[in-house]
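The numbering of the sequence shown is the numbering used here, which starts it at 667 and goes up by one.
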Amino acid sequence: VNQLAPIEPFVTNNHSAITLTVVLSISPIIPAASLLTNQASLSYDSQASDGPVSVERSYSGGSHSTTVQTVDPPGLSKTVAPFTATIGQIVVYTITVPSTPITAALTTITVTDQVKPNLRVTETSIVANPDLVNPAVIFSGQQVTATFDRIEASAQAQVVVTGVVSNTSINQDGVVVTNTA
């Protein structure tokens, strides 16, 4: 702003003012749960030019900042197929991260699933998706670990865990097995 309109007659508690509203769009590469701070400061001088006596004074009116946080990730979801299985049958768990797409990227993600011994893990995989950066999944015994450097905004990763219902005493008589990632 070059100049605010003067108020005449001058009253000390009634000044010209300007309200500046800035609307920004957050880049999709900014990670989820990031704090974004914006600071505004004021500087002004005594007149438009040097004035009649060639004196111009500069002033500063302080500053103020505010912070906004990008969206928090909603967590993960997990499905199983088939819902009911018998000894020797293949069971497939699908873990989806995040559970619903969000408008911010997720970074440095680790998903751990400690599969109960009722199911012998036979294979793990990650569904191919170009919005996943450095996806990897491994299993050791009953523990499945999937890692991602980044899941881009509006994208989801799917980790697939395949296993076979074990023929053990703990799987007899209609036992119900709960599995949480």
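Virtual Cβ for every residue (Gly too), placed ideally from N, Cα, C.
Practice task
For ASN837, count neighbouring Cβ atoms within 10 angstroms of its own Cβ and tell me buried if that reaches 16, exposed if not.
Solution key: buried
Handout entry: C-beta atoms of VAL827 and VAL787 nearer than 8 Å
Key = Cβ atoms of VAL827 and VAL787: closer than 8 Å.
Problem - GLY807 versus VAL758: straight-line alpha-carbon distance, rounded - result: 16 Å
Handout entry: Same chain, Cβ closer than 7 Å to GLN780, five either side skipped, listed in chain order
Key = GLN808 and GLN809
Problem - For ILE804, the three-state DSSP class (helix, strand or coil) - result: strand
Handout entry: Identity of the residues DSSP links to LEU785 by a beta bridge
Key = VAL831
Exercise for the section: Measure the beta-carbon distance from PRO697 to ALA771 and round it to whole angstroms, keeping in mind my assumption that it falls under 8 Å. Expected result: 5 Å
Exercise for the section: Under the assumption that ALA747 contacts VAL831 (Cβ atoms under 8 Å), give the Cβ distance between them as a whole number of angstroms. Expected result: The pair is not a contact, with the Cβ atoms about 13 Å apart (cut-off 8 Å).
Practice task
Would you mind reading off the limits of the beta strand (DSSP E) that contains ILE696?
Solution key: Where ILE696 is concerned, there is no enclosing beta strand (DSSP E), given that its DSSP letter is neither H nor E.
Exercise for the section: Whole angstroms is fine: what's the gap from SER765's alpha carbon to ALA819's? Expected result: Looking at the two C-alpha atoms, the distance is approximately 13 Å.
Exercise for the section: Note the first and the last residue of the continuous beta strand (DSSP E) segment covering GLY728. Expected result: 724 to 735
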